[in-house]
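First the structure, in the form of structure tokens, and then the observations on it.
2 protein chains.
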Amino acid sequence: MGQVKQILIVDDETAIREMIAVALEMAGFECIEADNALTAHALIIDAKPDMVLLDWMMPKMSGIELARRLRSDALTADIPIIMLTARDDEDHKIHGLEAGIDDYITKPFSPRELVARLKSVLRRVTPKGIDQVVEVEGLRLDPVSHRASSQGTALDLGPTEYRLLQFFMSHQDRAYSRTQLLDMVWGGNVYVEERTVDVHIRRLRKALGDRHQYLIQTVRGTGYRFSTQTQ
Amino acid sequence: MGQVKQILIVDDETAIREMIAVALEMAGFECIEADNALTAHALIIDAKPDMVLLDWMMPKMSGIELARRLRSDALTADIPIIMLTARDDEDHKIHGLEAGIDDYITKPFSPRELVARLKSVLRRVTPKGIDQVVEVEGLRLDPVSHRASSQGTALDLGPTEYRLLQFFMSHQDRAYSRTQLLDMVWGGNVYVEERTVDVHIRRLRKALGDRHQYLIQTVRGTGYRFSTQTQ
DNA sequence: CTTCCCTGTAACATATTTGTCATATTATTG
DNA sequence: CAATAATATGACAAATATGTTACAGGGAAG
């Protein structure tokens with residue numbers, strides 16, 4: 000299982016910080032807080048959080064300015080940043096993207112949405128070592144022992160299904176076409192019918208059982224996707 | 000950051016061209032000029048400017064005619080166009096084929112105004128990375144995971160509606176004719192009734208729900224447009 | 001050589017999407 | 001306000017895409 004992730008919340012309004020902190024802690028994250036960009040900067044260098052939630056508008060140094068600084072320092076350049084913006088002003092977004100923001104959320108937002116986005120960014124950014132155990136909602140895949148299990152019980156997967164699952168679990172929230180899957184999972188130089196993918200998807204789904212089927216999602220007209228979020 | 004943008008000024012009056020060129024160069028743009036639509040067309044294909052400032056009334060080929068040609072060629076379809084119209088052409092603005100024109104400026108205009116409008120158009124047209132998440136007023140489309148959501152809840156879109164929405168969200172504030180939409184969203188070589196577009200617009204609107212319907216706007220006599228601004 | 005497990009395909013079953021039409025609605029024009 | 005043109009909408013059948021199952025052949029293990 001992944002470490003507990005530490006999230007730094009930067010916002011000048013205490014009420015908002017608390018609200019976010021509660022939501023995140025309920026979702027199993029650890030939170031630290033800062034009420035201005037300068038404090039935040041010091042804290043980041045000190046505590047190296049796994050992610051920074053950053054309010055756009057703040058006294059002294061703006062969120063965007065802090066983001067730039069973090070990006071320009073190699074020590075902090077890899078820490079993902081999610082921006083909290085009051086209104087979704089086009090300009091802000093453009094500048095935000097330039098400054099290397101990973102995502103932004105427009106206030107007001109629901110705790111559910113916040114947590115979902117946060118997880119999504121973390122998943123995207125956290126580099127999975129090729130031999131790293133991946134676990135998602137009780138579904139666990141261990142590349143070293145070459146085993147997959149659901150709620151602790153081993154799953155019975157064929158070799159292809161195993162590779163498919165491994166690929167999916169290390170490339171979540173991303174839609175792949177059948178052709179892409181054939182390239183990535185089967186290998187570039189095999190000639191196999193596209194529809195064959197469907198069959199293996201079916202076998203994988205069956206093996207995952209009701210508990211985890213939903214993770215393998217059909218993207219109609221496109222292909223398939225692995226995601227914890229509802230379609 | 001951004002490259003220096005190159006603007007093509009098309010007007011038969013040298014004095015006006017010069018005036019505009021000076022204003023734009025002071026604002027940090029690079030200018031090229033043409034005194035008639037034919038020369039302009041060649042120049043556009045050759046130099047691929049980032050934007051075309053086009054006089055409505057010109058000898059030989061009119062501005063509107065040139066605009067039409069640019070729009071119908073995939074190579075030039077994305078180059079933004081700002082029309083320069085004399086006051087008494089005002090009607091044209093309303094009646095005329097406004098599909099594909101990004102903005103109008105009525106002569107006489109102040110350099111300040113021109114530059115402001117131009118920047119505004121460039122800002123919204125500037126190609127967002129093809130895989131970039133687009134979000135507008137809580138409506139969000141993520142090309143990577145191939146998902147659209149409204150206020151955090153997933154939207155149920157058919158493939159065509161998805162493509163339509165993606166096209167609109169990356170080409171905002173610009174009216175498209177049904178034919179253009181068929182070309183851009185359906186693909187150039189399909190024969191489909193123009194009216195079919197209406198039906199898919201309808202489906203898209205329905206899927207967007209009350210919260211976001213207003214973004215898909217009918218431009219009577221012309222086609223449709225995606226914009227946050229009220230009609 | 002046999003047995004057993006995997007695979008890829010084909011065939012059939014379902015589910016969704018799509019393009020059109022006919023019919024309302026709504027805007028425009030005189 | 002009536003006449004007319006342009007859109008909106010709902011329904012449907014045809015076309016597509018995906019789900020599912022069965023099966024034959026390949027290959028590894030014994």
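Taken in sequence, the protein lines are chains H and A.
Residue numbers 0 to 230, in numbering that gives the first Met the number 0, belong to the letters of the first sequence in order.
Residue numbers 0 to 230, in numbering that gives the first Met the number 0, belong to the letters of the second sequence in order.
Cβ coordinates follow ideal geometry from the N, Cα and C atoms, glycine included.
Original post:
In three-state terms, what does DSSP make of residue 154 of chain H?
Top reply: Counting from 1 along the first sequence, the entry for residue 154 of chain H is found at position 155. Reduced to three states, the DSSP call for residue 154 of chain H is coil.
Original post:
With 16 other CB atoms within 10 Å as the buried threshold, where does residue 228 of chain H fall?
Top reply: To locate residue 228 of chain H, count along the first sequence from 1; it is residue 229. Classification for residue 228 of chain H: buried.
Subject >> Same chain, Cβ closer than 6 Å to residue 233 of chain H, five either side skipped, listed in chain order >> reply: Because chain H here runs from 0 to 230, residue 233 of chain H falls outside it and cannot be looked at.
**OP:** Using a Cβ-Cβ cut-off of 8 Å, state whether residue 226 of chain H counts as contacting chain A.
**Re:** Indexing the first sequence from 1 puts residue 226 of chain H at position 227. Chain A, which has a Cβ nearer than 8 Å to the Cβ of residue 226 of chain H, makes this yes.
**OP:** Going by CA-CA distance only, name the one from A:30, A:107 and A:206 that's closest to residue 161 of chain A.
**Re:** Position 162 of the second sequence, counting from 1, holds the residue named residue 161 of chain A. Comparing Cα-Cα distances from residue 161 of chain A to each of A:30, A:107 and A:206, the minimum goes to A:206.
Original post:
Would DSSP call residue 54 of chain H helix, strand or coil?
Top reply: By 1-based counting over the first sequence, the position of residue 54 of chain H is 55. Correct three-state label for residue 54 of chain H: strand.
Original post:
Using CA coordinates, which residue listed in H:179, H:16 and H:84 is at the minimum distance from residue 166 of chain H?
Top reply: Numbered from 1 along the first sequence, position 167 holds the residue referred to as residue 166 of chain H. For residue 166 of chain H, the nearest C-alpha among the options comes from H:179.
Original post:
Checking contacts by CB at 8 Å: is residue 144 of chain A closer than that to chain H?
Top reply: Looking up residue 144 of chain A in the second sequence gives position 145. Chain H, which has a Cβ nearer than 8 Å to the Cβ of residue 144 of chain A, makes this yes.
Original post:
Which bits of chain A does residue 217 of chain H rub up against, with CB to CB less than 7 Å?
Top reply: If you number the first sequence from 1, residue 217 of chain H lands on position 218. Per Cβ cutoff of 7 Å: no residues; residue 217 of chain H is ~11 Å from chain A at best.
Original post:
Per DSSP, what kind of secondary structure is residue 28 of chain A in: helix, strand or coil?
Top reply: Residue mapping note: residue 28 of chain A aligns to position 29 of the second sequence, counting from 1. Correct three-state label for residue 28 of chain A: coil.
Original post:
Between residue 46 of chain H and the rest of its own chain, which residues show a CB-CB distance below 8 Å, the 5 nearest in sequence each way excluded?
Top reply: Along the first sequence, one-based indexing puts residue 46 of chain H at 47. Counting only Cβ-Cβ distances below 8 Å, and skipping sequence neighbours, we find 5, 7 and 31.
Subject >> Proximity test, Cβ basis, 8 Å: residue 95 of chain A and chain H >> reply: If you number the second sequence from 1, residue 95 of chain A lands on position 96. Low local confidence applies: a pLDDT of 42 at residue 95 of chain A is under 50, so the model's placement there is unreliable, and no value is given.
**OP:** Could you name each continuous alpha helix (DSSP H) segment of 4 residues or more that falls completely within the region 106-152 of chain H, going from the start of the chain to the end?
**Re:** 110-124
Original post:
Along the region 149-176 of chain A, what residues have a CB closer than 7 Å to any CB found in chain H?
Top reply: 151, 153 and 158
Subject >> Nearest to residue 144 of chain A (by Cα), restricted to the options H:209, H:182 and H:224 >> reply: Here residue 144 of chain A refers to the residue found at position 145 when the second sequence is read from its first residue. It is H:224.
Original post:
Is it the case that the CB of residue 84 of chain A approaches a heavy atom of the ligand HEM more closely than 7 Å?
Top reply: This structure simply doesn't include the ligand HEM, nor any ligand for that matter.
Subject >> residue 61 of chain H: contacting residues in chain A (beta-carbon distance under 7 Å) >> reply: Working through the first sequence from its first residue, we reach residue 61 of chain H at position 62. By Cβ distance, chain A contributes nothing, its closest Cβ being about 18 Å from residue 61 of chain H, past 7 Å.
Original post:
Applying a beta-carbon distance threshold of less than 9 Å, which residues of chain A neighbour residue 111 of chain H?
Top reply: Within the first sequence, the letter at position 112 stands for residue 111 of chain H. What residue 111 of chain H touches in chain A: 151.
Original post:
Residue range of the beta strand (DSSP E) that residue 222 of chain H falls in?
Top reply: As a first step, residue 222 of chain H is located in the first sequence; it is residue number 223 there, counting from the start. Its beta strand (DSSP E) spans residues 222-225.
Original post:
Interface residues of chain A around residue 229 of chain H at Cβ under 9 Å?
Top reply: Indexing the first sequence from 1 puts residue 229 of chain H at position 230. 152 and 153, listed in chain order.
**OP:** In angstroms with no decimal places, state the Cα-to-Cα distance between residue 35 of chain A and residue 113 of chain H.
**Re:** Stepping through the second sequence from its first residue, residue 35 of chain A is reached at position 36. Stepping through the first sequence from its first residue, residue 113 of chain H is reached at position 114. About 54 Å.
Original post:
Beta-carbon separation of residue 53 of chain H and residue 9 of chain H under 8 Å?
Top reply: Numbered from its first residue, the first sequence carries residue 53 of chain H at position 54. Numbered from its first residue, the first sequence carries residue 9 of chain H at position 10. Closer than 8 Å, so yes.
**OP:** Under 7 Å between beta-carbons, which chain A residues line up against residue 221 of chain H? List them in chain order, please.
**Re:** The count along the first sequence starts at 1 and reaches residue 221 of chain H at position 222. Here the neighbours are 145.
Original post:
Do you know whose CA, among H:156, H:79, H:147 and H:139, lies nearest residue 119 of chain H's CA?
Top reply: By one-based count along the first sequence, residue 119 of chain H stands at place 120. Among H:156, H:79, H:147 and H:139, the Cα nearest to that of residue 119 of chain H belongs to H:79.
**OP:** To the nearest angstrom, report how far apart residue 38 of chain H and residue 209 of chain H are at their CA atoms.
**Re:** Translated into the one-based positions of the first sequence, residue 38 of chain H becomes position 39. Translated into the one-based positions of the first sequence, residue 209 of chain H becomes position 210. If you take the alpha carbons of residue 38 of chain H and residue 209 of chain H, they lie about 47 Å apart.
Subject >> Rounded straight-line distance, which links the Cα of residue 11 of chain A to that of residue 183 of chain H >> reply: Along the first sequence, read from residue 1 onward, the residue named residue 183 of chain H stands at position 184. Along the second sequence, read from residue 1 onward, the residue named residue 11 of chain A stands at position 12. If you take the alpha carbons of residue 183 of chain H and residue 11 of chain A, they lie about 57 Å apart.
Original post:
Could you give the uninterrupted runs of the alpha helix (DSSP H) lying entirely in the region 154-190 of chain A, keeping only those of 4 residues or more?
Top reply: 158-168 and 177-180
Original post:
In whole angstroms, what is the alpha-carbon distance linking residue 131 of chain A and residue 40 of chain A?
Top reply: Against the second sequence, residue 131 of chain A aligns to sequence position 132. Against the second sequence, residue 40 of chain A aligns to sequence position 41. Their Cα atoms are separated by approximately 31 Å.
**OP:** Starting from the C-beta of residue 68 of chain A, find all residues in its chain whose C-beta is less than 7 Å away, skip the five residues before and the five after it, and write them out in chain order.
**Re:** Counting from one through the second sequence, the residue named residue 68 of chain A turns up at place 69. Cβ neighbours of residue 68 of chain A beyond the five flanking positions: 40.
Original post:
Using DSSP with H/G/I as helix, E/B as strand and the rest coil, what is residue 7 of chain H?
Top reply: The residue you call residue 7 of chain H lines up with position 8 of the first sequence. Strand, per DSSP.
Original post:
If you draw a straight line from the alpha carbon of residue 221 of chain H to that of residue 75 of chain A, how long is it in whole angstroms?
Top reply: Within the first sequence, residue 221 of chain H is the residue found at index 222, counting from 1. Within the second sequence, residue 75 of chain A is the residue found at index 76, counting from 1. One C-alpha to the other measures close to 28 Å.
Subject >> Unbroken alpha helix (DSSP H) run spanning residue 195 of chain H, endpoints >> reply: Numbered from its first residue, the first sequence carries residue 195 of chain H at position 196. Start and end: 194-211.
Original post:
Shortest alpha-carbon distance to residue 2 of chain H belongs to which of H:122, H:147, H:152 and H:175?
Top reply: In the first sequence, residue 2 of chain H corresponds to position 3, counting from 1. Comparing Cα-Cα distances from residue 2 of chain H to each of H:122, H:147, H:152 and H:175, the minimum goes to H:122.
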